[in-house]
């Protein structure tokens with residue numbers, strides 16, 4: 243059975259493991275702190291690859307940042323370390339083929355192949371964490387757009403420049419639907435600048451916390467309605483650490499009442515915490531055949 | 243050369259003409275009032291078809307309403323007359339093949355084949371008229387979604403239920419970017435419920451009208467930024483009667499400053515007033531080969 247060495251490159255942690263062509267993780271998942279410099283990251287990648295490249299058919303990276311359509315480099319700057327990686331660096335890391343995909347795209351692919359959106363040709367995954375990641379599957383293929391940057395969930399929730407987004411623009415879906423967005427919403431509603439998402443979740447039966455969660459969840463709902471009207475998808479998959487605080491049944495019922503397109507499902511991701519590595523591995527292995 | 247009889251079915255007017263496989267209109271364009279009843283419309287369709295079906299290879303409808311993926315019927319109800327048409331009616335209208343597509347989708351296809359987005363694999367057309375139509379071209383194909391309803395530009399511009407949309411929901415792009423949206427924005431800014439889009443355009447150098455147009459245009463810009471971040475397209479095409487009041491150069495420059503994806507163009511449509519018929523004809527003719 244074919245295998246990939248999968249490496250997930252995040253802003254704070256780097257994970258690695260071996261994934262089979264069936265999407266199964268074999269053996270341990272290694273966890274490393276993301277080093278601060280380009281040189282150290284490269285050294286870590288080489289160390290991981292040297293230990294495993296003889297066992298696998300391909301090296302698969304799931305990384306933050308938009309990845310190009312040739313899956314060998316990162317497009318432009320996204321403010322994180324991976325964006326400093328020129329195309330040639332990835333290729334030169336191993337004697338085996340090296341394949342790179344955006345982490346949210348990779349995770350969406352894992353859901354499509356082995357998870358909640360399996361068997362559905364049209365799905366959109368929203369990863370609700372510190373930020374919001376997006377992955378779009380259309381006609382059973384990962385949709386990347388003209389250069390590979392598609393699926394950025396930076397569409398506007400309001401137009402009066404109310405809340406700054408990490409992307410430099412204002413009021414993007416990410417700035418409301420993310421964990422950071424929940425904290426901001428909590429600050430605005432409570433007037434307390436020190437309130438945390440932990441406070442909100444832990445005291446979720448208090449009326450004010452209820453209102454905060456409802457407001458945050460309504461923003462997620464409104465974004466999902468827009469995506470369903472644009473794409474007419476089979477389903478929208480919610481993943482990430484914040485997804486567990488969303489009332490999926492409510493969102494599905496309410497969104498389906500408001501869309502002008504055709505009925506769709508809202509589901510939670512089921513491919514697990516390592517779906518980014520699994521998806522990147524599956525994409526990498528299928529790109530070799 | 244192959245030809246189609248093209249029929250454009252709008253809420254108030256029905257047009258018909260002959261279109262060649264090169265996208266050229268040959269002969270006159272007939273214009274009819276849209277009859278009020280199903281029976282009268284059917285009679286008008288049959289009359290047009292009887293006169294021309296022997297000259298053409300296919301009958302091509304461009305219609306309001308979402309059209310299914312088999313291009314022979316309309317999905318669900320959209321509040322206009324065409325939605326009452328069951329699948330079998332279209333098929334039985336002629337001895338020649340009958341092909342149906344949504345008017346905005348058809349117009350987007352015409353731009354892709356003979357107009358402003360020619361040669362670009364990824365484009366989104368926004369038709370700014372009384373409402374807003376949308377057509378999405380991805381990888382040189384018309385994108386329709388799971389049942390054919392995709393491309394509805396009903397994503398939210400705010401989340402506080404401020405302005406009702408024709409779709410029944412609140413604050414959709416259509417409710418702000420359309421001509422109707424411009425009137426609403428003018429009412430809100432001027433406090434005058436009788437103000438018309440004609441007043442705004444005609445007195446556009448007055449400071450208050452300037453502010454109204456800038457606000458309306460900013461809503462269009464914000465919507466375009468979202469679409470560019472979601473799709474990473476080659477271009478966004480603006481068409482429809484309201485498009486001429488949009489400062490395309492400004493929108494393109496400003497949107498490109500704010501997106502996190504890769505640079506894209508904003509262009510005006512160039513396939514003309516009958517692009518719906520042209521696009522439907524081109525799609526219909528290519529579906530026969």
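Protein chains in written order, with my numbering: chain A, 243 to 531; chain B, 243 to 531. Virtual Cβ for every residue (Gly too), placed ideally from N, Cα, C. None of the values given here were measured: they were computed from a predicted structure.
Check: 6 Å Cβ shell around residue 373/A - same chain, five flanking residues per side excluded; Outcome: 416 and 420
Check: Expected contact under 8 Å - CB spacing of residue 473/A and residue 366/A to nearest Å; Outcome: 6 Å
Check: Selection of the region 381-392 of chain B by Cβ proximity to chain A, strictly under 8 Å; Outcome: 385, 386, 387, 388, 389, 390, 391 and 392
Check: Where residue 475/B meets chain A, residues with beta-carbon distance less than 8 Å; Outcome: 387 and 388
Check: Rounded separation between residue 523/B and residue 496/A - CA only; Outcome: 38 Å
Check: Sequence-distant residues of its chain with Cβ nearer than 8 Å to residue 380/B (five each side left out); Outcome: 363, 364 and 473
Check: Own chain partners of residue 354/A with C-beta closer than 7 Å, once the 5 adjacent residues on each side are dropped; Outcome: 360, 365 and 379
Check: Residue 503/A: contacting residues in chain B (beta-carbon distance under 8 Å); Outcome: 308, 387, 389, 391, 392 and 394
Check: Min CB distance residue 459/B to chain A below 8 Å; Outcome: no
Check: Proximity winner among 425/A, 436/A, 304/A and 313/A, relative to residue 458/A (alpha-carbon distances); Outcome: 425/A
Check: Cβ pair count under 8 Å reaching 3, the region 391-403 of chain A against the region 250-268 of chain B; Outcome: no
Check: Neighbourhood of residue 489/B by C-beta, 8 Å cutoff - its chain only, sequence neighbours within 5 removed; Outcome: 459
Check: Backbone CA spacing between residue 440/A and residue 356/B [nearest angstrom]; Outcome: 56 Å
Check: Boundaries (first-last residue) of the alpha helix (DSSP H) holding residue 355/A; Outcome: 345-356
Check: Rounded straight-line distance, which links the Cα of residue 386/A to that of residue 525/A; Outcome: 13 Å
Check: Option in 509/B, 402/B, 478/B and 510/B with minimal Cα separation from residue 463/A; Outcome: 402/B
Check: Every unbroken alpha helix (DSSP H) within the region 501-527 of chain A, with a cutoff of 4 residues, ordered by chain; Outcome: none
Check: Beta-carbon neighbours of residue 317/A, restricted to chain B and to distances below 8 Å; Outcome: 504
Check: Beta-ladder partner(s) of residue 287/B, from DSSP; Outcome: None; residue 287/B has no bridge partner.
Check: Contained beta strand (DSSP E) runs [length at least 3] in the region 441-495 of chain A, N- to C-terminal order; Outcome: 477-481
Check: Extent of the continuous beta strand (DSSP E) run through residue 316/B; Outcome: Counting along the chain, residue 316/B falls outside any beta strand (DSSP E), and DSSP gives it neither H nor E.
Check: Endpoints, the alpha helix (DSSP H) within which residue 416/B is located; Outcome: 415-419
Check: Any C-beta of chain A under 8 Å from that of residue 500/B; Outcome: yes
Check: Cβ separation of residue 461/A and residue 507/A, assumed to be a contact under 8 Å, to the nearest whole Å; Outcome: Residue 461/A to residue 507/A, Cβ: 20 Å. No contact.
Check: Length of the line joining the Cα atoms of residue 332/A and residue 298/A; Outcome: 16 Å
Check: Contact set for residue 273/B: own chain, Cβ-Cβ below 7 Å, skip 5 residues either direction; Outcome: 255 and 257
Check: Contact with chain B by residue 400/A, beta-carbon distance below 8 Å; Outcome: yes
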